[in-house]
Amino acid sequence: MAIEDNTSVIRRLNEEFWNKGNSEILDELFAPHFVDHNAPPGSVPGREGFKQFATMFRTAFSDISSTVDDLITEGDKAAWRWTFRGTHTDAVMGVPATGRQITFAGITIDRLAGGQIVERWTQADFLGMMQQLGVIPSP
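By my numbering, the letter at position 84 of the sequence shown is numbered 71, and the numbering carries on one by one without gaps.
Right under this line is the structure:
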């Protein structure tokens, strides 16, 4: 697959799912045998587990804005640095809605094949998110 195609998959995921809420695109962009190497605790590391977590996360925050801050592709991999913003209006990860606005960032490396994401590694600032929600005190 061409590097431009891999870039397009990542940009479509960010725009169509995270910013517009089109969950149907997840089956198109994630392979049936997708493996999430950093699946959240309690989540299944496959496509269905990712879909459940991502949908729950997207539902928990209104007025979502997600940006791709950097995107580097080489071979079958895409590494992207992203920023997520939203207002916490529904429960997420056991935390009831707080009404607080949050901003947090992360870095994801995806391996793609045949126009779909087949493997994922993500490091995200969930500690910072929990501090912004008031669940964990800030230093």
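We put the beta carbon where it would ideally sit given N, CA and C, even for glycine. This structure is a prediction, so every number in the text was calculated from the model and none was measured.
N-terminal and C-terminal residue of the beta strand (DSSP E) that residue 99 is part of: Along the sequence shown, read from residue 1 onward, the residue named residue 99 stands at position 112. Per DSSP, residue 99 belongs to the beta strand (DSSP E) from 88 to 100.
Whole-angstrom distance between residue 91 and residue 120, CA atom to CA atom: To locate residue 120, count along the sequence shown from 1; it is residue 133. To locate residue 91, count along the sequence shown from 1; it is residue 104. Cα-Cα distance, rounded: 11 Å.
Same chain only: Cβ atoms within 7 Å of residue 77, ignoring 5 sequence neighbours per side: Start at 1 with the first residue of the sequence shown, and residue 77 comes out as number 90. So the list reads 46, 47 and 84, once near-sequence residues are dropped.
Reference residue 51, options 41, 61, 73 and 62, closest by Cα: Taking the first residue of the sequence shown as 1, we reach residue 51 at position 64. Checking every option, the nearest Cα to that of residue 51 belongs to 73.
DSSP state of residue 74 mapped onto helix, strand, coil: Locating residue 74 in the sequence shown gives position 87, counting from the first residue. Strand.
Ordered list of alpha helix (DSSP H) runs contained in the region 7 to 87, each at least 4 residues: 12 to 16 and 34 to 47
Reduced DSSP category for residue 123 - H, G, I as helix; E, B as strand; rest coil: Translated into positions along the sequence shown, residue 123 becomes position 136. Three-state DSSP puts residue 123 in coil, outside helix and strand.
Cβ neighbour criterion (16 or more within 10 Å) applied to residue 100: Position 113 of the sequence shown, counted from the first residue, corresponds to residue 100. That one is exposed.
Residues near residue 123 in its chain [Cβ-Cβ closer than 6 Å; skip 5 each side]: Here residue 123 refers to the residue found at position 136 of the sequence shown. Taken in chain order, the residues that qualify are 117.
Opening and closing residue of the beta strand (DSSP E) in which residue 106 lies: As a working mapping, residue 106 is identified with position 119 in the sequence shown. Per DSSP, residue 106 belongs to the beta strand (DSSP E) from 103 to 111.
Same chain, Cβ closer than 7 Å to residue 104, five either side skipped, listed in chain order: Stepping through the sequence shown from its first residue, residue 104 is reached at position 117. Cβ within range, chain order: -4, 16, 17, 18, 21 and 97.
Classification of residue -8 by the beta-carbon crowding that lies within 10 angstroms, buried from 16 upward: As a first step, residue -8 is located in the sequence shown; it is residue number 5 there, counting from the start. When all chains shown are included, residue -8 counts as exposed.
Residues of its chain near residue 95, where Cβ-Cβ distance is below 6 Å and the 5 sequence neighbours each way are ignored: Here residue 95 refers to the residue found at position 108 when the sequence shown is read from its first residue. Here the set comprises 67 and 109.
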